[in-house]
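Below you'll find the structure, written out as structure tokens, and then a few comments.
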Amino acid sequence: MGFFPIHDVMHPHREYAGVSSLIRPPGAKAGHGSINGPAPTPAPRPPAAAPAQALHVLRRDGLWPTLWKATRLLSRRVLRREDLVFFANDVADVPHELPAALRGFRFVLADASNIGAFRNDLVTDFRLDPATIDQRIAAGKEAMLALHQGRVVAIVWLAFETQTVDEIGMKLRLLPGEYLTFDAVTLHAWRGRGLSRALNLLADNHVASRGIVQHLAWRSASNTAALRVADKLGQRRIASATATWVLGRMVHRRVVSLNRRGSDTVSCLMGL
Ligand SMILES: CC(C)(COP(=O)(O)OP(=O)(O)OC[C@H]1O[C@@H](n2cnc3c(N)ncnc32)[C@H](O)[C@@H]1OP(=O)(O)O)[C@@H](O)C(=O)NCCC(=O)NCCS
1 MGFFPIHDVM HPHREYAGVS SLIRPPGAKA GHGSINGPAP TPAPRPPAAA
51 PAQALHVLRR DGLWPTLWKA TRLLSRRVLR REDLVFFAND VADVPHELPA
101 ALRGFRFVLA DASNIGAFRN DLVTDFRLDP ATIDQRIAAG KEAMLALHQG
151 RVVAIVWLAF ETQTVDEIGM KLRLLPGEYL TFDAVTLHAW RGRGLSRALN
201 LLADNHVASR GIVQHLAWRS ASNTAALRVA DKLGQRRIAS ATATWVLGRM
251 VHRRVVSLNR RGSDTVSCLM GL
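When the sequence shown is numbered by full-length UniProt numbering, its final residue is 272 and no position is left out of the sequence of numbers.
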């Protein structure tokens, strides 16, 4: 399998204006988010209604898997246990190349300067609430995006300060030199092609120039695909956490550091 350098898809001149750090194809202008050049900010399309979404899942997965999913969702409202694993890697250690198979994708960093160009896709295809997108961007968060034929097909969010870990009802304060990725999603049809790994590598390459040295992330201990991505990135397990919720109230929580690196992270976790 061949590779190509990450610098082929990252802007070579780093003409960033503030946080306007768009990874754009040659010829595109700074400050305009579309890979096809300057883009207007269209009004977002509303996400598919819940019944339409359910029908889509029913058609895609069949009757029994859909019923099983629905039952699990309902029972999680009554009793749910969250098992998380926290990961870290040194930003400097990651590869600077991507598999040649990903050459057909465009990779773009979305921030306050260009998020409007991607809002439609994030609302419609990723079912993100427009207010959530705005809050994240206003809080200085960024999103690394993979695009295919102009549509967003995969995303990972980047945070540079404090981030809520909803699953365990805590906040994680980041130390100087750390950043965090969260809410990684690859659209169903595009999974298993290495896009999530690529977005994480691009994110590490991107933040390295800001003096960031550590990449943190957490994943559900039962999310095999997400754990595999961590594995492929060479991330170390540094801490684990469990929380039990009954009817929306947390009744038990335990956070454990797995090594010295993890104890720094655990000491930065605060109750909400
Ligand atoms: C987790 C997720 C983002 C990964 O995206 P992706 O673009 O498919 O990731 P990659 O292709 O880089 O890697 C996925 C790896 O998991 C493997 N994988 C997928 N499903 C798997 C499963 N059920 N069991 C084991 N491995 C699995 C893939 O084969 C691939 O590994 P490989 O490259 O060795 O073959 C995607 O599955 C997703 O959007 N899931 C739903 C949202 C989610 O759970 N997000 C995680 C939040 S932290």
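We treat Cβ as the ideally placed atom computed from N, Cα and C, and that holds for glycine.
Cβ shell of residue 243 (< 6 Å), same chain only, five flanking positions each side left out: Numbered from its first residue, the sequence shown carries residue 243 at position 243. Short of 6 Å from the beta carbon of residue 243, and not among the five residues preceding or following it, lie these beta carbons of its own chain, in chain order: 82, 168, 250 and 253.
C-alpha distance - residue 189 paired with residue 114, whole-angstrom precision: Position 189 of the sequence shown, counted from the start, is the residue given in the question as residue 189. Position 114 of the sequence shown, counted from the start, is the residue given in the question as residue 114. Each residue's Cα considered, the two are about 25 Å apart.
C-beta contact flag for residue 85 and residue 239 at 9 Å: Residue mapping note: residue 85 aligns to position 85 of the sequence shown, counting from 1. Residue mapping note: residue 239 aligns to position 239 of the sequence shown, counting from 1. Contact: yes.
Residue(s) in a DSSP beta bridge with residue 163: The sequence position of residue 163 within the sequence shown is 163, counting from 1. Partner(s): 172.
Pairwise C-alpha distance: residue 123 and residue 31: Along the sequence shown, read from residue 1 onward, the residue named residue 31 stands at position 31. Along the sequence shown, read from residue 1 onward, the residue named residue 123 stands at position 123. Caution is warranted here: a pLDDT of 33 is assigned to residue 31, below 50, making its placement in the model unreliable, and the coordinate value is therefore given only provisionally. Cα atoms of residue 31 and residue 123: separation of roughly 21 Å, rounded to the nearest angstrom.
One or two residues paired with residue 70 in a DSSP bridge: Counting from 1 along the sequence shown, the entry for residue 70 is found at position 70. By DSSP's assignment, residue 70 forms no beta bridge with any residue.
Integer Cβ distance of residue 178 from residue 212, believed to fall under 8 Å: On the sequence shown, position 178 is the one that residue 178 refers to. On the sequence shown, position 212 is the one that residue 212 refers to. About 7 Å; that satisfies the 8 Å criterion.
Residues that DSSP places opposite residue 215 in a beta bridge: Stepping through the sequence shown from its first residue, residue 215 is reached at position 215. In the DSSP assignment, residue 215 forms a beta bridge with 89 and 179.
Outcome for residue 196 when other beta-carbon atoms lying within 10 angstroms are tallied against a minimum of 16: Start at 1 with the first residue of the sequence shown, and residue 196 comes out as number 196. Residue 196 is classed as buried because its beta carbon has at least 16 other beta carbons within 10 Å across all chains shown.
Distance between beta carbons of residue 118 and residue 152, contact taken as under 8 Å: Residue 152 sits at position 152 when you count from the first residue of the sequence shown. Residue 118 sits at position 118 when you count from the first residue of the sequence shown. Right, the Cβ-Cβ distance comes to about 5 Å (below 8 Å), so this counts as a contact.
Counterpart residues of residue 271 in DSSP-defined beta bridges: Counting from 1 along the sequence shown, the entry for residue 271 is found at position 271. Answer is 170.
Sequence-distant residues of its chain with Cβ nearer than 8 Å to residue 191 (five each side left out): Position 191 of the sequence shown, counting from 1, holds the residue named residue 191. Excluding sequence neighbours, residue 191 sits near 225.
Local conformation of residue 3 per DSSP, three classes: The sequence position of residue 3 within the sequence shown is 3, counting from 1. Of the three classes helix, strand and coil, the one that applies to residue 3 here is strand, per DSSP.
Span separating the alpha-carbon of residue 3 from that of residue 201: To locate residue 3, count along the sequence shown from 1; it is residue 3. To locate residue 201, count along the sequence shown from 1; it is residue 201. Their Cα atoms are separated by approximately 13 Å.
Alpha carbon of residue 245 to alpha carbon of residue 7, nearest angstrom: Indexing the sequence shown from 1 puts residue 245 at position 245. Indexing the sequence shown from 1 puts residue 7 at position 7. Between the C-alpha atoms of residue 245 and residue 7 there is a straight-line separation of about 45 Å.
Among 157, 61 and 149, the one whose alpha carbon lies nearest that of residue 126: Indexing the sequence shown from 1 puts residue 126 at position 126. Selection 157, 61 and 149 evaluated against residue 126 yields 157 as nearest (Cα-Cα).
Nearest to residue 103 (by Cα), restricted to the options 193, 72 and 140: Here residue 103 is taken as the residue at index 103 of the sequence shown, counted from 1. Comparing C-alpha distances from residue 103 to each of 193, 72 and 140 shows the shortest one belongs to 193.
Those runs of the alpha helix (DSSP H) which lie wholly inside the region 217-255 and span at least 4 residues: The qualifying runs are 224-232.
Three-state class that DSSP yields for residue 336 in the structure shown: Residue 336 falls outside the range modelled here, since the chain spans only 1 to 272, and no answer is possible.
Whether residue 199 touches residue 154 by CB criterion (9 Å): Here residue 199 is taken as the residue at index 199 of the sequence shown, counted from 1. Here residue 154 is taken as the residue at index 154 of the sequence shown, counted from 1. The Cβ atoms of residue 199 and residue 154 lie closer than 9 Å to each other.
Strand pairing of residue 186, partner residues [DSSP]: Position 186 of the sequence shown, counting from 1, holds the residue named residue 186. DSSP, once it has assigned bridges, lists 154 as partnering residue 186.
For residue 148, three-class secondary structure by DSSP: Counting from one through the sequence shown, the residue named residue 148 turns up at place 148. Correct three-state label for residue 148: strand.
Residue 255 burial status per 10 Å Cβ neighbour count (16 or more: buried): For the purposes of this step, residue 255 is identified with residue 255 of the sequence shown, where counting begins at 1. Only buried fits residue 255, as 16 or more other CB atoms lie within 10 angstroms of its CB.
Spatial distance of residue 26 from residue 171 (CA atoms): Sequence index remark: in the sequence shown, residue 26 carries index 26 (1-based). Sequence index remark: in the sequence shown, residue 171 carries index 171 (1-based). Confidence is the limiting factor: at residue 26 the pLDDT is only 34, short of 50, which leaves the residue's position unreliable, though a coordinate-based value still follows. One C-alpha to the other measures close to 39 Å.
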